[in-house]
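Note that UniProt numbering numbers the sequence shown so that position 47 is 47, with each residue one more than the last.
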Amino acid sequence: MKRWIGRKADIELAQHIAKTYQLHPLVARIVAARGYDVASTQAFLSPSRAQLHDPFLMHDMGKAVARIQEAIVRNETVMIFGDYDVDGVSSVTILVKALRKLGVDPLWRVPDRFFEGYGIRPQAVIDAKEQSVHLIITVDNGIAALEAADLARTSGIDLIVTDHHHIGHQLPDAYALVHPALGDYPFPELCGAGVAFKLAQALLGFFPEELLEVVALATIADQVPLIGENRIFVKEGLRQINRSPSVGIHALADVANSKQGVTSTHVAFQLAPRINAIGRLAHAKRAVELLLADDPQEAQRLALEAHALNQKRQAIQERIYQSALAQIEEHAWTDQTLVVAGESWHEGVIGIVAGKLTQNLYKPTLCLSIKDGVAKGSGRSVPGVDLYALLQAVQAKTSVFTAFGGHAAAAGFSLPADRINDLRSALATVAQDIEWDPPHIDVDAPLHVHELTPQFIANLKRLEPFGQANPEPIFFLRDVHIGDVQTMGAKQQHLRARVKEGTGPSYSLVAFGEGERIAQWLERTQRHVLVHVEENRYRDMVQIQMRLVEAK
């Protein structure tokens with residue numbers, strides 16, 4: 001059971017915000033607690049394109065645009081090189097569509113997760129040379145591609161790197177480096193697709209509105225902070241998805257049963273996992289083909305393929321997760337960090353398993369797949385612990401990795417399998433003096449059932465889209481009565497109940513994953529609960545409901 005910690009808010013400031021913007025007091029309290037004052041609340045509540053920065057402010061943007069224009073004039077062969085996750089395939093999609101508008105049909109490539117790995121490598125440059133490529137543009141990768149950049153230069157191929165990942169001690173010797181954290185760009189928190197969108201805008205000379213849905217998809221999936229430019233991209237992109245989605249995204253929403261009222265939550269938990277499943281279990285080029293699709297039948301076929309792969313991914317993930325738990329229980333490790341490994345664990349899902357272990361056990365966790373004497377791993381961290389910095393310290397101490405990269409929250413790496421114990425020991429040593437907060441839930445505000453009105457919901461929706469740095473609000477209901485408890489779902493794995501205070505009105509509460517504990521819910525009908533508040537849309541009906549976070 002996690003600690004429940006209420007977010008502190010300046011009540012006087014919240015009152016000013018409520019009065020200035022006609023907000024419900026609880027919603028104004030949330031805004032104030034998230035660090036906004038009266039002036040900055042305007043931009044937060046009403047994000048618009050006018051707040052976006054000039055793309056030419058980004059490092060080497062002018063140089064990159066000039067080189068691409070030169071390639072177009074000379075009819076040179078251009079290749080776009082991406083990545084196999086949602087951000088990577090979305091970035092490829094954005095630049096392919098932008099260049100096609102300029103009369104260029106570029107080559108494009110995303111690496112095979114299992115045979116190539118992340119990022120552009122020398123072999124990709126060799127292959128490009130054989131295809132008579134004159135210009136390679138990386139998207140969502142390349143800032144650490146030192147060897148590939150050197151080979152491109154000596155091979156007579158110009159390389160434009162567009163990336164957003166961690167900048168190392170040495171930069172690649174590329175023709176241009178377009179990166180929001182290089183130079184003085186005002187917003188360094190873009191994802192790869194956000195950088196690609198900026199390049200597309202600079203290249204086209206106008207705002208490519210039809211590409212917003214793709215950059216929104218990637219921005220949510222890559223879990224970058226939903227503030228500043230990211231908030232604008234997602235707000236407008238979701239509007240486009242709900243009004244006039246492309247053929248590919250329409251098909252994807254169709255198989256995910258998300259055709260009406262797609263939110264950032266739908267994207268994060270329904271659309272993005274299906275796209276990611278392609279790159280995790282098959283080849284991510286199918287995901288690019290889906291996002292580029294013009295034919296509805298082809299798009300539907302690809303979307304169904306993504307849906308089937310996602311179901312398969314879920315089953316594989318659960319098997320590995322249970323195996324990892326058994327390993328942890330068997331060894332009874334007491335370190336502040338966890339390193340679990342298994343022979344031939346599926347490389348495509350170990351990152352998700354690491355994330356689930358981190359969330360449930362609240363320790364920075366590395367999950368490794370061993371095959372042919374090589375261990376490939378993925379790691380996730382807890383808030384406040386920089387995983388990339390930990391791996392840097394491990395490497396400085398042991399030189400155990402043959403390759404590693406990532407950022408504060410997540411990382412990927414490889415090493416000889418016979419050095420896993422060295423990794424486990426070194427990681428425990430470098431992390432032993434780090435302290436982080438115990439598991440807790442940040443609670444936004446207390447709530448009474450009678451406050452669940454349409455006006456409150458309308459006000460709450462003004463805080464959307466929700467995601468990193470702007471999480472979906474969590475409300476505390478004290479000592480409420482829980483009645484009409486029943487299971488639901490195909491396997492009766494979920495609960496539905498009614499919540500009320502005293503003799504007041506009751507509202508629906510859904511509790512996902514609580515079905516097996518129905519006896520406890522029936523026994524103890526008075527509870528404190530943490531909930532999200534939302535609209536439940538079913539056919540033509542719209543009802544207010546609560547979604548359980550935790551109960552005591």
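Note that the Cβ used here is the ideal one computed from N, Cα and C, for glycine as well.
Cβ shell of residue i (< 6 Å), same chain only, five flanking positions each side left out
| i | result |
| --- | --- |
| residue 328 | none |
| residue 107 | 79 |
| residue 488 | 494 and 496 |
| residue 369 | 345, 347, 350 and 376 |
Residue j beta carbon less than 8 Å from that of residue i
| i | j | result |
| --- | --- | --- |
| residue 111 | residue 147 | no |
| residue 191 | residue 166 | no |
| residue 199 | residue 61 | yes |
| residue 249 | residue 241 | yes |
| residue 32 | residue 14 | yes |
| residue 161 | residue 138 | yes |
| residue 53 | residue 236 | no |
| residue 303 | residue 340 | no |
| residue 158 | residue 274 | no |
| residue 443 | residue 34 | no |
| residue 518 | residue 549 | no |
| residue 460 | residue 27 | yes |
| residue 332 | residue 296 | no |
| residue 59 | residue 135 | no |
| residue 113 | residue 342 | no |
| residue 72 | residue 102 | yes |
| residue 476 | residue 446 | yes |
| residue 93 | residue 291 | yes |
| residue 299 | residue 293 | yes |
| residue 217 | residue 253 | no |
Heavy atom of the ligand NAD within 7 Å of residue i beta-carbon
| i | result |
| --- | --- |
| residue 309 | The ligand NAD is not part of the structure shown, which contains no ligands of any sort. |
Extent of the continuous alpha helix (DSSP H) to which residue i belongs
| i | result |
| --- | --- |
| residue 81 | It is not in any alpha helix (DSSP H) - residue 81 instead sits in the beta strand (DSSP E) that spans 78 to 81. |
| residue 440 | Looking at the DSSP string, residue 440 is not in any alpha helix (DSSP H); the run it does join, the beta strand (DSSP E), is 440 to 443. |
| residue 448 | Taken as a continuous stretch (DSSP letters only), residue 448 belongs to no alpha helix (DSSP H), as it is neither H nor E. |
| residue 493 | Per DSSP, residue 493 belongs to no alpha helix (DSSP H) and is neither H nor E. |
| residue 118 | Taken as a continuous stretch (DSSP letters only), residue 118 belongs to no alpha helix (DSSP H), as it is neither H nor E. |
| residue 425 | 420 to 431 |
| residue 220 | 212 to 221 |
Three-state secondary structure assigned by DSSP to residue i
| i | result |
| --- | --- |
| residue 340 | strand |
| residue 179 | coil |
| residue 345 | coil |
| residue 207 | coil |
| residue 197 | helix |
| residue 230 | helix |
| residue 130 | helix |
| residue 412 | strand |
| residue 87 | helix |
| residue 456 | helix |
| residue 23 | coil |
| residue 289 | helix |
| residue 534 | strand |
| residue 40 | helix |
| residue 404 | strand |
| residue 475 | strand |
| residue 376 | strand |
| residue 521 | helix |
| residue 310 | helix |
| residue 541 | strand |
| residue 52 | coil |
| residue 61 | helix |
| residue 162 | strand |
| residue 548 | strand |
| residue 358 | helix |
Cutoff 7 Å; reference residue i; Cβ partners in own chain excluding five residues on either side
| i | result |
| --- | --- |
| residue 354 | 365, 366, 367, 378, 379 and 380 |
| residue 45 | 21 and 462 |
| residue 397 | 426 and 430 |
| residue 321 | 353 and 356 |
| residue 415 | 375, 400, 401, 402 and 423 |
| residue 149 | 159, 172, 173 and 174 |
| residue 419 | 400 |
is_contact[residue i, chain C] using C-beta, thresh 8 Å
| i | result |
| --- | --- |
| residue 275 | Any reference to chain C falls outside this structure, which holds one protein chain only. |
Span of the beta strand (DSSP E), counted from its first residue to its last, around residue i
| i | result |
| --- | --- |
| residue 370 | 365 to 371 |
| residue 138 | 135 to 139 |
| residue 511 | 506 to 511 |
Close beta carbons around residue i, own chain, < 8 Å, minus the five adjacent residues each side
| i | result |
| --- | --- |
| residue 210 | 97, 240 and 246 |
Just checking, does the region 279 to 290 make contact with the region 85 to 96 on the three C-beta pairs under 8 Å criterion? yes
Count the C-beta pairs between the region 526 to 543 and the region 469 to 476 that are closer than 8 Å, then say yes if the count reaches three, no if not. yes
Would you call the region 177 to 194 in contact with the region 428 to 436, where contact means no fewer than 3 C-beta pairs closer than 8 Å? no
For the 8 Å Cβ check, are there 3 or more pairs between the region 443 to 455 and the region 496 to 503? yes
If you pair each beta-carbon of the region 307 to 322 with each one of the region 385 to 396, do three or more pairs fall below 8 Å? no
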